[in-house]
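Comments concern the structure below.
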Amino acid sequence: MSNGQPPLDSPKIRRLTPVLEPGHTYASVTDKIASIVLTRPMSLGWLAGFTLSFSVLMMLTVAIAWLIMKGTGIWGINIPVGWGFAIVNFVWWIGIGHAGTLISAILFLLNQKWRTSINRFAEAMTLFAVACAGIFPLIHTGRPWMAYYMFPYPSAMGIWPQFRSPLIWDVFAVSTYGTVSLLFWFVGLIPDLATLRDRAKSKTQQIIYGMLAMGWRGSARHWHRYQSAYLLLAGLATPLVLSVHTVVSFDFSIAIVPGWHTTIFPPYFVAGAIYSGFAMVLTIAIPLRKAYDLEDFITMRHLENMAKVMLATGLIVAYGYFFEYFMSQYSGNKFDLYLTQMRFHGPYAHFYYALILCNILTPQLLWFQKVRTNVPVLFLISLIINLGMWLERFVIVVISLTRDFMPSAWGRYSATVWDYATFVGTLGLFTTMMFLFVRGLPAISIAEMRELVAHSEEHE
Amino acid sequence: MMDQRPHLYGVVGEFDTAEQLLRAAAKTRDAGYREIDAYAPFPVEGLSEALGLRRNKVALITLIGGLLGGLGGFGFEYWVNVITYPLNIGGRPFNSWPAFIPVTFELTVLGASLSAVLGMLALNKLPQPHHPLFNVEHFKRATNDKFFLCIEAHDPKFNLSDAAKFLQGLQAQHVIEVKDDD
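From first to last, the protein sequence lines are chains A and B. FYI, my numbering numbers position 43 of the first sequence as 43, with every residue one higher than the one before it. FYI, my numbering numbers position 85 of the second sequence as 85, with every residue one higher than the one before it.
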């Protein structure tokens, strides 16, 4: 939106839009970011958003309670479609998380300065998305109270997990991913928690932030080791994030089901994950910068860069779609050929066309600078891509399962109201945690913003 | 007890910019002080070198943690699926090692990450709820916009008035005595 900040966003000098608007000092970035947490009064908008999110979260608890009482029969799943919404949503959520790790780890290793003001809430987004994702396989087991069977523990029955199964790989990949994301996020937060501790006025805040900051005092010796640990974590999180969606894609590609049994799945899943994740980062960043006047920190440069990453990963995803199609034709495998026919002409063809529209055609608008710098349009595109990536997983799961090898095994799938309640419910869980996060913790890394200030002073 | 003079922790100087702190740290070391530490609201480039800090052990700890996680992970899978609970899955060999790699990899990353973070905290002796510097009111700004250099009392060369004068000579904004009252 150009009406808010006319001179700096005008097209002529837009190329020079910095990652931090000029004129900021160490104290001003500290004040601005810490005040959102410590002093800013609760706004009506926040309260309304939180109330709505929390109500939707309550719907999730009802849906899960009913599921536990009645079993997975309340969902639309049956044979042949045993996976349905639960796995679609699981893959969608875990993919969303990937952009957070990409921003915090890979862009850190590549020394991209523009990551600084978006990495904190992108990491938070990762954590919350992994939490939402984790719910689905858990409740999809049908007896979630038995889910601990998946972990290797010395059971009295003397049985152990079967480590050749991708579903067990999934357990390890997702739980490791959740743990490492939490560590990375927390390590990044320590110096900022100390800032909050030292600025907090109320005793409660001092105690809570004080305990979380663990006595951080900014000692050079501490920073020395802190930086090593942070760099190592970034180096470890980078292959981890690639491995997680690879393992998720193995859940499909190890099976022989038509449309799943393909080697393109790992890279194409990873690209899709980053694609949807950046869309979600934009979906969060755009209202966030508006609501808390953070346009100085999350500048047009950030939005534009994220749009470019979406365009690039969107093209990789398009390449994946094309090669899925090409390989089915080239292989001459009749089941694969038939599945492709079903994608274009089967009962779920409208999902496939919607997917092409959302994931391939819409992002082509991002080639235009006018679109990339138009905030409302960018917001809309991010929502469309989020939807498109959900459709992609629906197409993969449902079309393949309803049309496998024998016509006698074909079937239909339609979601029930409980499927929708659970899915929408996790959106409520996600936004509830996001609302609490922006008021409880600094949504932008204060320490790293000070580094940016220091660097911009050097260049002056 | 009551009138006992509080034990002295050191003397701390406050600076406005990272450059001043860097210069002060280098000069303090040149002057022969060894037990010194600097405090900054963000990692200042070159400060570790100015203070003469050696390479730290975080990377080594991370390597060991990663190796333990990876070897332990693979060894555990081998023990489970070959020795204690062998299952014939599609006629694959019991030790079908390629299928064990994803979990081995995840556990390598998990072991390395946990040791990086816990190792860093342990070497930094955190959590540490109280520190003498927290007695200094000005020090609150070490997590905001000011830079501090502390000459600690257990430095062999330490003498309160000399050290304070020395810091003043480095154009510190404030020079404050740090008491250790516990």
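Even for Gly, the Cβ is constructed at its ideal location relative to N, Cα and C. Here the structure is a predicted model, which is why all the values come from computation and not from measurement.
If the cut is a Cβ gap below 8 Å, which residues of chain A does residue i touch?
{"i": "Arg-92(B)", "result": "Arg-164"}
{"i": "Ala-18(B)", "result": "Ala-454"}
In terms of DSSP beta bridges, what is residue i paired with?
{"i": "Asp-37(B)", "result": "Cys-150(B)"}
Specify the secondary structure class of residue i as computed by DSSP and reduced to three states.
{"i": "Ser-10(A)", "result": "Model confidence at Ser-10(A) stands at a pLDDT of 47, short of 50, so the residue's coordinates are unreliable; what they give is reported in the following sentence. Note: Ser-10(A) maps to coil in three-state DSSP."}
{"i": "Asp-30(B)", "result": "helix"}
{"i": "Leu-118(B)", "result": "helix"}
{"i": "Ser-113(B)", "result": "helix"}
{"i": "Ser-414(A)", "result": "coil"}
{"i": "Ser-219(A)", "result": "strand"}
{"i": "Ser-249(A)", "result": "helix"}
{"i": "Met-449(A)", "result": "helix"}
{"i": "Asn-111(A)", "result": "coil"}
{"i": "Ile-444(A)", "result": "coil"}
{"i": "His-261(A)", "result": "coil"}
{"i": "Phe-151(A)", "result": "coil"}
{"i": "Gln-162(A)", "result": "coil"}
{"i": "His-138(B)", "result": "helix"}
{"i": "Ala-255(A)", "result": "coil"}
{"i": "Trp-75(A)", "result": "coil"}
{"i": "Glu-45(B)", "result": "coil"}
{"i": "Met-434(A)", "result": "helix"}
{"i": "Phe-405(A)", "result": "coil"}
{"i": "Glu-106(B)", "result": "helix"}
What in chain B is Cβ-close to residue i, meaning under 7 Å?
{"i": "Ile-384(A)", "result": "The premise fails here: Ile-384(A) is roughly 33 Å from chain B at the closest Cβ pair, so nothing lies under 7 Å."}
{"i": "Leu-205(A)", "result": "The question names Leu, but residue 205(A) in the sequence shown is Gln. Chain B residues near Gln-205(A): none, gap ~14 Å exceeds 7 Å."}
{"i": "Gly-218(A)", "result": "Tyr-39, Ala-40, Pro-41, Ala-142 and Thr-143"}
{"i": "Phe-435(A)", "result": "Correct list: empty, because the minimum Cβ distance to chain B is about 26 Å."}
So which of the options has the shortest CA-CA distance to residue i?
{"i": "Asn-144(B)", "options": "Ala-173(A), Gly-134(A), Tyr-26(A) and Glu-457(A)", "result": "Tyr-26(A)"}
{"i": "Gly-119(B)", "options": "Asn-56(B), Glu-19(B) and Glu-14(B)", "result": "Asn-56(B)"}
{"i": "Ala-447(A)", "options": "Lys-27(B), Ala-112(B), Ala-25(B) and Pro-41(B)", "result": "Pro-41(B)"}
{"i": "Ile-264(A)", "options": "Ile-316(A), Thr-299(A), Arg-301(A) and Ala-312(A)", "result": "Ile-316(A)"}
{"i": "Phe-186(B)", "options": "Val-244(A), Ala-133(A), Thr-51(A) and Pro-154(A)", "result": "Outside the shown range of chain B, which is 1 to 182, sits residue 186(B), and nothing can be said about it."}
{"i": "Pro-478(A)", "options": "Thr-246(A), Ser-276(A) and Val-171(A)", "result": "Since the first and last residues shown for chain A are 1 and 460, residue 478(A) lies out of range."}
{"i": "Leu-68(B)", "options": "Asp-155(B), Ala-112(B), Glu-14(B) and Leu-167(B)", "result": "Ala-112(B)"}
{"i": "Val-257(A)", "options": "Ser-43(A), Pro-80(A) and Ile-64(A)", "result": "Pro-80(A)"}
{"i": "Ile-68(A)", "options": "Asn-78(A), Gly-84(A) and Ile-139(A)", "result": "Ile-139(A)"}
{"i": "Pro-137(A)", "options": "Gln-205(A), Gly-210(A) and Thr-422(A)", "result": "Thr-422(A)"}
{"i": "Phe-379(A)", "options": "Arg-40(A), Val-281(A), Asp-251(A) and Gln-162(A)", "result": "Val-281(A)"}
{"i": "Val-171(A)", "options": "Tyr-149(A), Asp-192(A), Ser-155(A) and Ile-159(A)", "result": "Tyr-149(A)"}
{"i": "Gly-32(B)", "options": "Ala-164(B), Leu-160(B), Gly-169(B) and Asp-155(B)", "result": "Asp-155(B)"}
{"i": "Thr-416(A)", "options": "Pro-161(A), Ile-77(A) and Ser-382(A)", "result": "Ile-77(A)"}
{"i": "Tyr-9(B)", "options": "Lys-146(B), Pro-132(B), Gln-168(B) and Lys-157(B)", "result": "Pro-132(B)"}
{"i": "Asp-192(A)", "options": "Lys-201(A), Asp-296(A) and Ala-213(A)", "result": "Ala-213(A)"}
How far does the beta strand (DSSP E) with residue i in it reach, from first residue to last?
{"i": "Glu-14(B)", "result": "7 to 15"}
{"i": "Lys-179(B)", "result": "174 to 180"}
Using a cut-off of 9 Å between C-beta atoms, extract the partners of residue i located in chain A.
{"i": "Ile-89(B)", "result": "Gln-162, Arg-164 and Ser-165"}
{"i": "Val-80(B)", "result": "Pro-152, Trp-160, Pro-161, Gln-162 and Phe-163"}
{"i": "Phe-100(B)", "result": "Phe-163 and Arg-164"}
{"i": "Phe-15(B)", "result": "The contacting residues do not exist; Phe-15(B) stays about 12 Å from chain A at best."}
Quick check on the DSSP output: the alpha helix (DSSP H) that includes residue i runs from which residue to which?
{"i": "Val-187(A)", "result": "166 to 199"}
{"i": "Arg-120(A)", "result": "116 to 140"}
{"i": "Ser-161(B)", "result": "160 to 169"}
{"i": "Val-270(A)", "result": "265 to 291"}
{"i": "Asp-336(A)", "result": "334 to 345"}
{"i": "Leu-303(A)", "result": "300 to 331"}
{"i": "Thr-51(A)", "result": "44 to 70"}
{"i": "Ala-27(A)", "result": "26 to 38"}
{"i": "Thr-62(B)", "result": "58 to 78"}
{"i": "Thr-101(A)", "result": "84 to 101"}
{"i": "Gly-388(A)", "result": "375 to 394"}
{"i": "Ile-207(A)", "result": "203 to 213"}
{"i": "Ile-356(A)", "result": "349 to 356"}
{"i": "Lys-157(B)", "result": "Unbroken run through Lys-157(B): none, as it is neither H nor E."}
{"i": "Gln-369(A)", "result": "369 to 372"}
List the residues of chain A whose Cβ lies closer than 7 Å to the Cβ of residue i, in chain order.
{"i": "Pro-127(B)", "result": "Met-214 and Gly-215"}
{"i": "Glu-35(B)", "result": "Per Cβ cutoff of 7 Å: no residues; Glu-35(B) is ~11 Å from chain A at best."}
{"i": "Thr-62(B)", "result": "Leu-232"}
{"i": "Asn-56(B)", "result": "His-224, Arg-225 and Ser-228"}
{"i": "Thr-28(B)", "result": "The premise fails here: Thr-28(B) is roughly 12 Å from chain A at the closest Cβ pair, so nothing lies under 7 Å."}
{"i": "Leu-51(B)", "result": "Ala-220"}
Output, in chain order, the set of chain C residues within a Cβ distance shorter than 7 Å of residue i.
{"i": "Thr-195(A)", "result": "The structure shown contains no chain C; its protein chains are A and B."}
Strictly below 8 Å CB to CB, what residues from chain B border residue i?
{"i": "His-222(A)", "result": "Asn-124 and Leu-126"}
{"i": "Gln-227(A)", "result": "Pro-43"}
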